[in-house]
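For the protein sequence lines, the chains are A and B, in the order given.
Going by numbering that gives the first Met the number 0, the first sequence runs without a break in its numbering and finishes at 234.
Going by numbering that gives the first Met the number 0, the second sequence runs without a break in its numbering and finishes at 234.
The structure under discussion appears below in the form of structure tokens.
Number of protein chains: 2
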Amino acid sequence: MQGRRASLRAHLFDRIRTAALDELRRTGAAALSLREVARAAGISPSGLYRYVDGRDGLLELLISDGFEAFGRAIEEAVDAAGDDVLARLEAVALSYRRWALDNPEQFGLILGTPVPGFQARADGPTTESVRRFAEPMIRAVADASAAGRSASSGEEAVATDDLFPFGPEPDALPASLHSVLARGWARIHGLVSLETFGHLVWSGADVDALLRAEVRSILAELGHQDVEPATRISL
Amino acid sequence: MQGRRASLRAHLFDRIRTAALDELRRTGAAALSLREVARAAGISPSGLYRYVDGRDGLLELLISDGFEAFGRAIEEAVDAAGDDVLARLEAVALSYRRWALDNPEQFGLILGTPVPGFQARADGPTTESVRRFAEPMIRAVADASAAGRSASSGEEAVATDDLFPFGPEPDALPASLHSVLARGWARIHGLVSLETFGHLVWSGADVDALLRAEVRSILAELGHQDVEPATRISL
DNA sequence: CCTTTGTGTGAACATTGTTCGCTTTTCTGT
DNA sequence: ACAGAAAAGCGAACAATGTTCACACAAAGG
Numbered sequence: 000m001q002g003r004r005a006s007l008r009a010h011l012f013d014r015i016r017t018a019a020l021d022e023l024r025r026t027g028a029a030a031l032s033l034r035e036v037a038r039a040a041g042i043s044p045s046g047l048y049r050y051v052d053g054r055d056g057l058l059e060l061l062i063s064d065g066f067e068a069f070g071r072a073i074e075e076a077v078d079a080a081g082d083d084v085l086a087r088l089e090a091v092a093l094s095y096r097r098w099a100l101d102n103p104e105q106f107g108l109i110l111g112t113p114v115p116g117f118q119a120r121a122d123g124p125t126t127e128s129v130r131r132f133a134e135p136m137i138r139a140v141a142d143a144s145a146a147g148r149s150a151s152s153g154e155e156a157v158a159t160d161d162l163f164p165f166g167p168e169p170d171a172l173p174a175s176l177h178s179v180l181a182r183g184w185a186r187i188h189g190l191v192s193l194e195t196f197g198h199l200v201w202s203g204a205d206v207d208a209l210l211r212a213e214v215r216s217i218l219a220e221l222g223h224q225d226v227e228p229a230t231r232i233s234l
Numbered sequence: 000m001q002g003r004r005a006s007l008r009a010h011l012f013d014r015i016r017t018a019a020l021d022e023l024r025r026t027g028a029a030a031l032s033l034r035e036v037a038r039a040a041g042i043s044p045s046g047l048y049r050y051v052d053g054r055d056g057l058l059e060l061l062i063s064d065g066f067e068a069f070g071r072a073i074e075e076a077v078d079a080a081g082d083d084v085l086a087r088l089e090a091v092a093l094s095y096r097r098w099a100l101d102n103p104e105q106f107g108l109i110l111g112t113p114v115p116g117f118q119a120r121a122d123g124p125t126t127e128s129v130r131r132f133a134e135p136m137i138r139a140v141a142d143a144s145a146a147g148r149s150a151s152s153g154e155e156a157v158a159t160d161d162l163f164p165f166g167p168e169p170d171a172l173p174a175s176l177h178s179v180l181a182r183g184w185a186r187i188h189g190l191v192s193l194e195t196f197g198h199l200v201w202s203g204a205d206v207d208a209l210l211r212a213e214v215r216s217i218l219a220e221l222g223h224q225d226v227e228p229a230t231r232i233s234l
């Protein structure tokens, strides 16, 4: 290890990380107390400023970690789903829901109401984490789009590897995919966020089933005729 | 007027209301300061407790008012849209978006991340406001469902008036409508909340157009064959 | 070895939400 | 009409928060 100082510092930074995450899980983002985090990490409140730029810095850390963990969860689920396009999209939707329900405070922090004083800086670690978060979703949708295209019109499928690397600049991704990606993500996110925040209890709905229906609907509209029948809403 | 005291009280309560709303608009819900509201209303912080039960009471008031205003905006838009089912559903979606973009802090407060300490009491004014908020949406979806049903299968349409009054108990609404209502709401809410919270800027999407596409997709799945062609995603 | 750099502390300050005793104003019942 | 009750509003107080700053101490490097 490069110096005793660096090692101690890394250790303490990890303690701060986990302490902050614990606090977030317990009390939520809006009520997150810097002093409480310091107490749990065994450090004085002012000492925390050597590691993190005040309360906003703490939130930035949590947001970045949240996106990272969320993306990893989705990636693992879609990797475990095999090669079938439908199965992979379903894995995205269902793992999206499960992570949100299992980590409601983190979910609310990264994708819910923005915290008032805080604005993510473009040079911060957040942007890179968002990229990692979005990647598995984009890949799944792009694959589905390509497969549907070739299935319905016999056109040549675009190699999805050509879509990467994509970045903050929207031109790295074909403009034609933007709308389908936004709609697909929004359908999943709408159901999940409403459920996670408690606005869907009246319906008594089986949200997993609704998500599966949405995934099939997306695929149908992308030209996968084989999954169409399941799309029809049963009354 | 029934007593000078009651009149003064009503007046001051209104000042508190608008002061709280101003504060909310300016700083957001998480940073809403009771003392600042008191200052703007021209009252001492402790005096505020005669009107509102602390900070949570202030939030409850704002949440209730928010749902009410949101519902009214949607209702007016759908009333102005005429009798066409498609036009009415589009009005719901587009007015949903407009209100959220025009009142992002209120939107975040009532439908975003729940505020930590706060839990709406069932006997509070919030539940009634939520009812008023949901009513126009439910009506529009129920109408669309009924029309689609008769158009596709020739079955008799259920009079939508039979669906009301509905309440917190889910049995007042036919169970078959729950899923389509949840999916329809979630599609609109997903797009709008993502855009309002700033997570859709990368796409450069025309969200109004996406919303229209979603509305048509819902109608198509409800059996309106006439709007189906517009549903296909253009690549 | 001595200087420079970094690390952590404790005291301080302004601000927050909330409670409590007190005064003043309004209502009410006889 | 007037005494007693009820309500309204205020100011002081308390605990807790985020942030800053001067200072003490440990490590690193010439």
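Just so it is clear, CB atoms sit at the ideal spot from N, CA and C, and this is done for glycine as well.
Classification of residue i by the beta-carbon crowding that lies within 10 angstroms, buried from 16 upward
| i | result |
| --- | --- |
| D64/B | buried |
| L100/B | exposed |
| G107/A | buried |
| A265/B | Absent from the structure is residue 265/B, since the part of chain B shown begins at 0 and ends at 234. |
| V36/A | buried |
| T17/A | exposed |
| A204/B | buried |
| L7/B | exposed |
| S45/A | exposed |
| E22/A | buried |
| S43/A | exposed |
| G27/B | buried |
| D161/B | In this predicted model, D161/B has a pLDDT of only 42, less than 50, meaning its place in the structure is not dependable enough to derive any value. |
| A9/B | exposed |
| G236/B | A question about residue 236/B goes unanswered here, because the residues of chain B that appear run from 0 up to 234. |
| R3/A | exposed |
Per-residue DSSP class, three states only, for residue i
| i | result |
| --- | --- |
| Y48/B | coil |
| D122/A | coil |
| I217/B | helix |
| G56/B | helix |
| I62/A | helix |
| V191/A | helix |
| L31/B | coil |
| A156/A | Reliability fails at A156/A, whose pLDDT of 45 lies under 50, so the model's placement of it is uncertain and the value that follows must be treated cautiously. In the structure shown, A156/A sits in coil (DSSP, three-state: anything other than H, G, I, E or B). |
| S99/B | For the record, residue 99/B in the displayed sequence is Ala; it is not Ser. Helix. |
| G197/B | coil |
| T112/B | coil |
| S175/B | helix |
| S202/A | helix |
| R14/B | helix |
| E78/A | For clarity, residue 78/A is Asp in the given sequence; the question names Glu instead. D78/A falls in the helix class under three-state DSSP. |
| I137/B | helix |
| G222/A | coil |
| D83/A | coil |
| G183/B | helix |
| L162/B | Bear in mind that the predicted position of L162/B carries a pLDDT of just 44, short of 50, making it unreliable; the figure below should be weighed with that in mind. It is helical. |
Nearest residue (CA-CA) to residue i, options the options
| i | options | result |
| --- | --- | --- |
| L33/A | R14/A, L11/A, L57/A, T17/A | L57/A |
| Q218/A | R131/A, P173/A, F196/A, A139/A | Correcting the residue identity first, residue 218/A is Leu in this sequence and not Gln. Comparing Cα-Cα distances from L218/A to each of R131/A, P173/A, F196/A, A139/A, the minimum goes to A139/A. |
| I62/A | H223/A, E104/A, E35/A, I73/A | E104/A |
| E134/A | D78/A, S202/A, D82/A | D78/A |
| R182/B | H177/A, A5/A, V179/A, E194/A | E194/A |
| V214/A | S45/A, A68/A, I187/A | I187/A |
| Y48/A | A29/A, L180/A, L11/A | L11/A |
| H143/B | R87/B, A174/B, V191/B | According to the sequence displayed, residue 143/B carries Ala and not His. The residue with the shortest Cα to Cα distance from A143/B is R87/B. |
| V206/A | L180/A, A92/A, S45/A | A92/A |
| H223/A | A80/A, R3/A, L85/A | L85/A |
| R25/B | A68/B, S216/B, S128/B, N102/B | N102/B |
| G14/B | F69/B, V51/B, S202/B, F66/B | Going by the sequence as given, residue 14/B is Arg instead of Gly. That would be V51/B, whose Cα lies nearest to the Cα of R14/B. |
| S128/A | A185/A, F69/A, V179/A | F69/A |
| L176/B | G189/B, L221/B, L190/B | L221/B |
Closer than 9 Å at the beta carbon, the chain B residues around residue i
| i | result |
| --- | --- |
| R186/A | R182, A185, R186, G189, L190, E213 |
| F196/A | L110, G111, T112, P113 |
| H177/A | W201, S202, G203, A204 |
| A30/A | A29, V114, P115, G116 |
Cβ-heavy atom distance, residue i to the ligand HEM, below 7 Å
| i | result |
| --- | --- |
| R96/B | Here there are no bound small molecules, and the ligand HEM is not part of this structure. |
Per-residue contacts from residue i into chain A (C-beta, under 9 Å)
| i | result |
| --- | --- |
| T125/B | The premise fails here: T125/B is roughly 12 Å from chain A at the closest Cβ pair, so nothing lies under 9 Å. |
| A18/B | Residues of chain A passing the Cβ test: none, with the nearest at roughly 18 Å. |
| L23/B | What L23/B touches in chain A: nothing, since even the nearest Cβ is about 10 Å away. |
Proximal chain B residues relative to residue i, where beta-carbon distance stays under 8 Å
| i | result |
| --- | --- |
| L58/A | None at all; the shortest Cβ gap to chain B is about 11 Å. |
Chain-ordered chain B contacts of residue i [CB-CB under 7 Å]
| i | result |
| --- | --- |
| G81/A | Neighbours of G81/A on chain B: none; closest Cβ ~25 Å, over 7 Å. |
Residue i: contacting residues in chain A (beta-carbon distance under 7 Å)
| i | result |
| --- | --- |
| L209/B | S178, A181, R182 |
| G27/B | P115 |
Within chain A, partners of residue i - CB distance below 8 Å
| i | result |
| --- | --- |
| G107/B | G111, T112, P113 |
| L88/B | Residues of chain A passing the Cβ test: none, with the nearest at roughly 14 Å. |
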